[in-house]
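Protein chains in written order, with the working numbering: chain A, 1 to 130; chain B, 131 to 260. Even glycine gets a Cβ: it sits at the ideal position worked out from N, Cα and C.
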């Protein structure tokens, strides 16, 4: 019994099913060719259900480049434990042509018409379903 | 047609169904008696489904008080547009006696035994269901 009590509430981490929003933000994003595409700026959460609708990926911000973001459906992202990064199956060109917002617009949700463009571009289900 | 084009992608906000994780973090939390209980430190997200498992509420941090956090099931929180705050139906005493973690432990998930204590305390369903 004493031994059982000796290891309560183990802190698991990388392999855990949960991740803090503060750890998601800033996590780098790579594609399958090991090209760094950017980093997670934030996630957009459905208020009522608490479900992440999409991730907001940030790009640029170096050497005078204007920083911008791409909303990307959450289901497109796979967390890679070894790389401590998200992997996404997109080329740089695919992302370059994807729906884009300015960094100053990143933390405000858009309307459903815009969000439908996003899911349409990636061929995923809109976050509100069908 | 030109008029239709004139108002694309309206930025809606308070009344919107979505909210950025960066806006959730730092949002104050009040109870039904208008007592300020703390603020949202972060949310814990289920990696695969993208569903928020629980919010992490921060407390203290003033006048030498040690800052700590309480994991609180997301469904306990209601966003109040007028107050720009989350409302939760808990007294200060209920929260004082609730499962608590140090601020340095806030961004790491715990094991299911601990998370079951949390949902047990609040009488909610564990985030992984039954």
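### Under 8 Å by beta carbon: chain A residues contacting residue 237 of chain B
Start at 1 with the first residue of the second chain, and residue 237 of chain B comes out as number 107. Residues of chain A passing the Cβ test: 20, 22 and 23.
#### Entry: Status (buried if at least 16 other CB within 10 Å, exposed otherwise) for residue 240 of chain B
Mapped onto the second chain, residue 240 of chain B falls at position 110. It counts as buried.
### Task
Express the C-alpha separation of residue 245 of chain B and residue 32 of chain A in angstroms, rounding to a whole number.
Counting from 1 along the first chain, the entry for residue 32 of chain A is found at position 32. Counting from 1 along the second chain, the entry for residue 245 of chain B is found at position 115. C-alpha separation (whole angstroms): 35 Å.
### Message
So the candidates are A:39, A:117 and A:54; which of them puts its Cα closest to the Cα of residue 264 of chain B?
### Response
The question about residue 264 of chain B has no answer, for chain B in this structure spans 131 to 260.
### Start and end residues, alpha helix (DSSP H) containing residue 115 of chain A
Indexing the first chain from 1 puts residue 115 of chain A at position 115. Start and end: 112-122.
### Query
Per the contact definition of three or more C-beta pairs closer than 8 Å, is the segment 68-86 of chain A in contact with the segment 203-214 of chain B?
no
### Query
Ordered along the chain, which non-local residues of its own chain (more than five positions away) have a Cβ less than 6 Å from that of residue 118 of chain A?
Locating residue 118 of chain A in the first chain gives position 118, counting from the first residue. Taken in chain order, the residues that qualify are 71 and 99.
### Query
According to DSSP, what are the bridge partners of residue 179 of chain B?
Numbered from its first residue, the second chain carries residue 179 of chain B at position 49. Answer is none; residue 179 of chain B lacks a bridge partner.
### Query
Between the segment 158-174 of chain B and chain A, which residues of the former have CB atoms less than 9 Å from a CB of the latter, in chain order?
171, 172, 173 and 174
### chain B contact residues for residue 53 of chain A, given Cβ-Cβ distances below 9 Å
Within the first chain, numbered from 1, the residue matching residue 53 of chain A stands at position 53. 147, 148 and 180, listed in chain order.
### Task
Go through its chain and collect everything with a Cβ distance to residue 101 of chain A's Cβ below 6 Å, but skip five positions before and after it.
The residue labelled residue 101 of chain A in the question sits at position 101 within the first chain. Here the set comprises 69.
### Query
Is there at least one Cβ from chain A nearer than 8 Å to residue 176 of chain B's Cβ?
For the purposes of this step, residue 176 of chain B is identified with residue 46 of the second chain, where counting begins at 1. With 8 Å as the cut-off, residue 176 of chain B counts as an interface residue toward chain A.
### Query
How far does the beta strand (DSSP E) with residue 72 of chain A in it reach, from first residue to last?
Numbered from its first residue, the first chain carries residue 72 of chain A at position 72. First-last of the beta strand (DSSP E) with residue 72 of chain A: 68-73.
### Query
Taking only runs of the alpha helix (DSSP H) that begin and end inside the segment 75-116 of chain A, which ones reach a length of at least 4 residues, in chain order?
92-96
### Alpha-carbon to alpha-carbon, residue 156 of chain B and residue 180 of chain B
The sequence position of residue 180 of chain B within the second chain is 50, counting from 1. The sequence position of residue 156 of chain B within the second chain is 26, counting from 1. So the two alpha carbons sit approximately 21 Å from each other.
### Query
Should residue 38 of chain A be labelled buried (16 or more other beta-carbon atoms within 10 Å of its own) or exposed?
Within the first chain, the letter at position 38 stands for residue 38 of chain A. With 16 or more other Cβ atoms within 10 Å, it is buried.
### Task
State yes or no: is the C-beta of residue 164 of chain B nearer than 7 Å to some heavy atom of the ligand GTP?
Here there are no bound small molecules, and the ligand GTP is not part of this structure.
### Query
Since residue 28 of chain A is in the beta strand (DSSP E), which residue starts that stretch and which ends it?
Taking the first residue of the first chain as position 1, residue 28 of chain A is located at position 28. Looking at the DSSP string, the run of the beta strand (DSSP E) that includes residue 28 of chain A is 28-31.
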